[in-house]
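Here the protein sequences line up with chains A and B, keeping their order.
Using our numbering, read the first sequence as starting at 244 and increasing by one per residue.
Using our numbering, read the second sequence as starting at -16 and increasing by one per residue.
Structure first, then comments.
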Amino acid sequence: MIEVTSLTKRFPHQLAVDNISFAVPRGQILGLLGPNGAGKSTTMKMMTGYLAPTSGRITIAGHDVLTDSLAVRRSLGYLPENNPLYDEMNVLDHLMFAVRMRDIPALEVRDRLRRVITVCGLEGVLEKNAGELSKGYRQRLGLAQAIIHDPPVLILDEPTSGLDPNQIREIRELIRRLGEEKTLILSTHILPEVQSTCDRILIMNRGRLVADGSPAELTAQASGTEIIVVKLRGAVADAAATLAGLPGVEKAEDLAVDEPGVTAVRVQSRGDAGHDLREAVYAAVRRQDWPLLELYRQRLSLEDVFKQLTLGEAEPAAEARRVA
Amino acid sequence: MKKSCTVCARELSAYFNSPVAYIVIVVYLLICGWFFSANLFFDQQATLRGFFNLAPLMFIFFAPAISMGLLAEEQRRGTVEILFTYPVTTTAVLGGKYAAALVLLSLAILLTFPYVVTISVLGHPDLGALFTGYFGLLLMGAVYLAIGLWASTMVKSQLSAFILGFLVSFSLFMLDKFQAWVPRPFNRLVGFLSIENHFKAMSRGVVDTRDLVYYGSMILFFLAWSLYLVQRRKWRG
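Next up, the structure:
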C-alpha cells in the first residue's frame, strides 16, 4: 500500500531523514516512534506530499507522491502535528470546507457528514467555533476532517499529544476502529500508545530507522538474552557460582537487595534466544535444597528497547527498579 | 476552479467573521468621504477628483491590510499543511485567496457609489471618465493586492507581511516623484514602473493599452512570484 525507498530529507542545517526505507501492507497500523526531532513528522509530511524529499521515493496506492501528487492526496487523510484548525470557523463549516475540497459527490455529502459526525462524536458541538472547543473535541474534529472522504490511507501525526488520559483513551479507541479497515500510520513518543494500537513499530532516531517489528518482536529481538532472577532465603554463598555452571548460562551474579537475609542471583543466558532456563535453574535450586523464595524471568519492556535504541543504553534501568 | 471558489468563499467568510473587513471598509469610506465632501462643500465642485487623487495613496495602506493574512496566517496556524494536502493545485489555492481579497476591495470601492449618484444629481460629470476612473482604481488595487499576497507568502507573520507589502507598494507609488533625479537611460523605465502615472490617465478618462499592459503584467509578475515561493517551500521545508 505504501512504499518508501531510500528516503532522505536534508534541511539547510540538518539532515532530518537519513536514507530510510520501509513498506506498509494494506490494513496495517504502523506506529512511528522516536524522540522529538527524530524525523517522524518530516517523514510523514513527505508521505503526504507537503514536503518534497531531497532524494528517494514514496509511492502510495501505486501513485508516486511527487509526480502523481493529486492522486496520492485523494487517497490520503492527514492529521498534522498540533492539529491546526481555523479558530473562527465552526465545526460544521470545517467539515463542509473539507467536503468541498475533497470533491465528495453532492449525493453522498449528507451520508458522509452524518457518518463522520457520529464516528467522531461531534453531534453536540457542530455550531461551536473551533477556537472554543476543548482539546479532545479539537482532535476529534481534526480526525473527522481527515476521514471525511473515507481514504484508504490515514496519516496521523501525534494524534493524542496534549490530551488528558480519558481523551487519550477515546481517541485511541477511535484510531483502533479506523485501523480495522484502513492502512494507518501514526507517530508518537508515547510508548503505551504504540503497544496498545499498533501492529508494527518503526523506531526512528536522528533521522535513521533503528528498529522495525511488531511490539512483541521488538521486545524479543532487543532482549535476545534471557534473564532469570532467583531469590533464596539466608546467605547462600555458592549460589552464583553453582548457577553459573549450568548449561546455557553466560554468567550468574549476586544482586544487591534491600531484604535482609535474602540472597538474590541474576542469571543471564547466552546470546541465542529461545532458551528457557527457568526449569534448569529450578532443578539446580532443588538439587541444592536451597529455600526458594522467588524465581522469575525478566522481560525487557518496549520502553527498555526504546531507550536502548535511542540512547544507546546497554542495561535497562527497569531491572534495578524491579529488583529493589 | 470550483475549489478556487471554495477557498475564496472560506477566505471571505474569515474576513467577515473577524473585524478586518469592517475596519478596512469603514476607515476607507470615512477617509474617502472626507475628501469627497471637501470637494463638494468647500470647493463647491461636483467632482470625484479629490477622491481619485487620494485613492492611490490610500490603497497603499488598505491593500496590504486586506492581503497580509492570506498565507502568513495559515502558515502561523499550521493550517497550510491541511490546505496543501487537499487534492488541489497551489495555483487554485492562491487564485482563490487572491480573488477573495479582490472581492473585498471591490466591495469597498463599490460602496463609494453614492458619491457618483450625488455628483450626477448636482452637476454634469463626465460619466465615461468616472467609469474609467473606477476601472483604473480596481486595477491599481489589484496590483497592490498581488504585492500584498506576495508579501504574505514571503514572510511568516501578518505584521511583517503588512510592512513588506506596504514598503513595496509605497516604493512603486513614489517612483515618479524621483523620476527627475534618475539618470537618462533609466528615466523612462522609472516613469513606466510608477503606478500613479498609469492611474492618472485613466482617472481622466483615457484608457491606453500601455496602462492595461502595465497593470496586467504587474499582477501576473507578483502572482507568479508568490506561486514560486509557495512551491519552493515544499522543497526547502
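For each residue, glycine too, the CB sits at the ideal point set by N, CA and C.
Model, not experiment: these values are computed from the prediction.
Minimum Cβ-Cβ distance from P70 (chain B) to chain A less than 8 Å: Residue-level contact by beta carbon holds for P70 (chain B) and chain A, with a gap shorter than 8 Å.
Within chain B, the residues that N325 (chain A) reaches when beta carbons sit closer than 7 Å: The answer, in chain order, is G61.
Proximal chain A residues relative to R(-7) (chain B), where beta-carbon distance stays under 7 Å: Neighbours of R(-7) (chain B) on chain A, chain order: F340.
L(-5) (chain B) and V86 (chain B) closer than 8 Å at C-beta: Going by C-beta atoms, L(-5) (chain B) is nearer than 8 Å to V86 (chain B).
Min CB distance K217 (chain B) to chain A below 8 Å: Chain A, which has a Cβ nearer than 8 Å to the Cβ of K217 (chain B), makes this yes.
Inter-residue Cα distance where the pair is V100 (chain B) and M137 (chain B): Going from the Cα of V100 (chain B) to the Cα of M137 (chain B) covers about 41 Å.
Candidates A:L319, A:N448 and A:T431, of which the one nearest T440 (chain A) by Cα: Comparing alpha carbon positions, the residue from A:L319, A:N448 and A:T431 closest to T440 (chain A) is A:T431.
Cutoff 7 Å; reference K283 (chain A); Cβ partners in own chain excluding five residues on either side: Within the same chain, K283 (chain A) has close Cβ partners L275, G277, S430 and M447.
Identity of the residues DSSP links to S298 (chain A) by a beta bridge: A:T251, per the DSSP bridge assignment.
Contacts around G374 (chain A), its chain only, beta-carbon distance under 6 Å, and the 5 residues preceding and following it disregarded: Within the same chain, G374 (chain A) has close Cβ partners D330.
Euclidean distance between Cα positions of S(-13) (chain B) and V315 (chain A): In a straight line, the C-alpha of S(-13) (chain B) is about 20 Å away from that of V315 (chain A).
Coil, strand or helix - R216 (chain B) by DSSP: Under the three-state reduction of DSSP output, R216 (chain B) falls in the helix class.
Boundaries of the beta strand (DSSP E) in which N325 (chain A) is found, first to last residue: Counting along the chain, no beta strand (DSSP E) covers N325 (chain A), and no H or E run does either.
Minimum Cβ-Cβ distance from G292 (chain A) to chain B less than 8 Å: At least one chain B Cβ lies under 8 Å of G292 (chain A).
Candidates A:N326, A:R355 and A:P348, of which the one nearest L211 (chain A) by Cα: Because chain A spans 244 through 567 in this model, residue 211 (chain A) falls outside it and cannot be assessed.
Residues bridged to Q531 (chain A) [DSSP beta-bridge criterion]: DSSP lists no bridge partner for Q531 (chain A).
Residue-chain proximity (F24 (chain B), chain A), Cβ-Cβ < 8 Å: No, F24 (chain B) does not count as interfacial toward chain A.
Same chain, Cβ closer than 7 Å to L258 (chain A), neighbours up to 5 away in sequence not counted: Apart from sequence neighbours up to five positions away, the residues of its chain that approach L258 (chain A) with a beta-carbon distance below 7 Å are G450, ordered along the chain.
For L113 (chain B), the nearest candidate out of B:N36, B:T73, B:F44 and B:S152 (CA to CA): Looking at the Cα atoms, B:N36 is the closest of the given residues.
For L552 (chain A) and A454 (chain A), the rounded distance between their alpha carbons: Put simply, the backbone Cα of A454 (chain A) is about 8 Å away from that of L552 (chain A).
For R540 (chain A): DSSP bridge partner residues: Answer is A:I471.
Straight-line Cα distance separating V548 (chain A) from L369 (chain A): Each residue's Cα considered, the two are about 43 Å apart.
Opening and closing residue of the beta strand (DSSP E) in which K283 (chain A) lies: The continuous stretches of beta strand (DSSP E) do not include K283 (chain A), which lies in the alpha helix (DSSP H) extending over residues K283 to T291.
is_contact[F331 (chain A), chain B] using C-beta, thresh 8 Å: In the sequence on display, residue 331 (chain A) carries Glu and not Phe. The beta carbon of E331 (chain A) sits closer than 8 Å to some beta carbon of chain B.
At least 3 beta-carbon pairs within less than 8 Å: the region 5 to 12 of chain B vs the region 37 to 50 of chain B: Yes: at least three Cβ pairs fall under 8 Å.
Rounded straight-line distance, which links the Cα of F145 (chain B) to that of M185 (chain B): The alpha-carbon atoms of M185 (chain B) and F145 (chain B) are separated by roughly 27 Å.
Beta-carbon neighbours of I65 (chain B), restricted to chain A and to distances below 8 Å: Under the 8 Å cutoff, chain A gives Y321, P323, P327 and Q388.
Helix, strand or coil at H524 (chain A) [DSSP, three-state]: Strictly speaking, residue 524 (chain A) in this sequence is Val, with His absent from that position. In the structure shown, V524 (chain A) sits in a helix (DSSP, three-state: H, G or I).
Y539 (chain A) classed as buried or exposed, judged by whether at least 16 other C-beta atoms fall within 10 angstroms: Counting Cβ neighbours within 10 Å, Y539 (chain A) comes out exposed, since fewer than 16 surround it.
Distance between R530 (chain A) and K474 (chain A) (C-alpha atoms, nearest Å): In this structure, the straight-line span from the alpha carbon of K474 (chain A) to that of R530 (chain A) is close to 15 Å.
C-beta neighbour in chain A for A84 (chain B), strict 8 Å: The beta-carbon of A84 (chain B) is placed no less than 8 Å from the nearest beta-carbon of chain A.
CB contact check: T(-11) (chain B) to chain A, cutoff 8 Å: Chain A places a beta carbon closer than 8 Å to that of T(-11) (chain B), counting this residue as a contact.
Proximity test, Cβ basis, 8 Å: A516 (chain A) and chain B: Model confidence at A516 (chain A) stands at a pLDDT of 49, short of 50, so the residue's coordinates are unreliable; what they give is reported in the following sentence. It does not; no Cβ of chain B falls within 8 Å.
Touching by the beta-carbon criterion (3+ pairs, under 8 Å), the region 94 to 111 of chain B and the region 16 to 31 of chain B: They touch, by the three-pair rule.
Proximity test, Cβ basis, 8 Å: K80 (chain B) and chain A: Taking Cβ atoms only, chain A never reaches closer than 8 Å to K80 (chain B), which makes this a no.
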